[in-house]
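Below: the structure, in structure tokens.
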Ligand code: NDP
């Protein structure tokens, strides 16, 4: 079977650049939206040029120019969007509605993967304010996709390793301390951690796979389903030292949001649902979804222990 041609929108982003790499590595003809707004952002331009050198095609376009999006989309079979969705960096999830309008007009797309890559928003209808905005916006995008009958795959990637493992699951931290750690509650709720290049590789594997068509794909590498305590323990074993541990009860954690900036509050609520409620791992995958490590056992994913070695 011929491999689909792929357009990555958001290709210079934290996840997007990994998707471009994975798409090229898997032999897909890969296009990247080269947004006119990038202007003189030298890092982005240099990254795009290096992708071009590796065989990617740069397609000029803008979210403010509908026809440019239509033109770019017509070049490919599959569109993957990795537009920003982390408030402390940038949150542009609803801009995807413009992309969906362009996909509708182009009429040729065999699969669209919207910018999801986190907690399954469909399971977060009871999420707390203000963090729920991420899930609400992602659901608005899903509705637009499904109303337009665009074939889709939703990737529920769980926790990016860099954010969660780096900081031993403590919000506001992305480097592990060698002295202490604050546990969220009892630290025993399971979460799921996935290395970002692995997320990209699993994602690319799904795009031509009939088993993932119009499905949610959960990324649940079995060895990486661990509680915060277990993550801390892995780190302690690696450094050969026990950390001083304290704990922050749920009520105190929620009270600490008061007075913080909106973007911080959004992020903290995500940690709340993951670490106090265990929202990522406290359910069985239903019949309408599939699990990536089962579908693609050939991918040798990075375990939490391997990942943590990077910080030694
Ligand atoms: P980034 O913040 O790295 O941004 C990605 C891209 O978004 C940018 O490179 C840029 O594309 C595009 N973008 C930003 N602002 C605009 C704008 N105003 N107009 C058009 N395009 C814009 O995103 P992430 O990689 O951090 O996030 C991608 C997805 O992953 C999101 O859905 C997010 O929610 C999710 N995520 C999940 C995490 C988890 O732990 N599960 C953690 C982090 C993110 P360009 O290349 O064209 O400049």
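Numbering (UniProt numbering), first residue to last: 1 to 312. Note that the Cβ used here is the ideal one computed from N, Cα and C, for glycine as well.
Discussion item. Does the beta-carbon of residue 50, which I'm using as the reference point, lie nearer than 7 Å to any heavy atom of ligand 1?
Written reply: no
Worksheet item: According to DSSP, is residue 191 helix, strand or coil?
Response: strand
Item to complete: Pull up the DSSP beta-bridge partners for residue 245, would you.
Response: 181
Practice prompt. Enumerate in chain order the residues of its own chain whose CB-to-CB distance from residue 173 is below 8 Å, with the five nearest sequence positions on each side excluded.
Written response: 166, 167
Discussion item. Shorter than 7 Å, the distance from the beta carbon of residue 307 to the closest heavy atom of ligand 1, or not?
Written reply: no
Practice prompt. Could you check the C-alpha separation between residue 56 and residue 150 for me, to the nearest Å?
Written response: 25 Å
Discussion item. Check for me: the beta strand (DSSP E) holding residue 57 runs from which residue to which?
Written reply: 57-61
Worksheet item: Taking the DSSP output, what are the residues bridged to residue 8?
Response: 32, 80
Worksheet item: Below 8 Å between beta carbons: does that hold for residue 271 and residue 254?
Response: no
Worksheet item: Can you pull the DSSP bridge partners for residue 313?
Response: Given a span of 1 to 312 for the chain in the structure shown, any question on residue 313 remains unanswerable.
Worksheet entry | 8 Å Cβ cutoff met for residue 304 and residue 226 | yes
Worksheet item: So the beta strand (DSSP E) residue 310 belongs to, where does it begin and stop?
Response: That residue, residue 310, is in no beta strand (DSSP E); it is neither H nor E in DSSP.
Worksheet entry | Endpoints, alpha helix (DSSP H) assigned at residue 18 | 16-25
Discussion item. At a cut-off of 7 Å, would you count residue 154 as near ligand 1, judging by its Cβ distance to the nearest heavy atom?
Written reply: no
Worksheet entry | Residues of its chain near residue 114, where Cβ-Cβ distance is below 6 Å and the 5 sequence neighbours each way are ignored | 81, 96, 141
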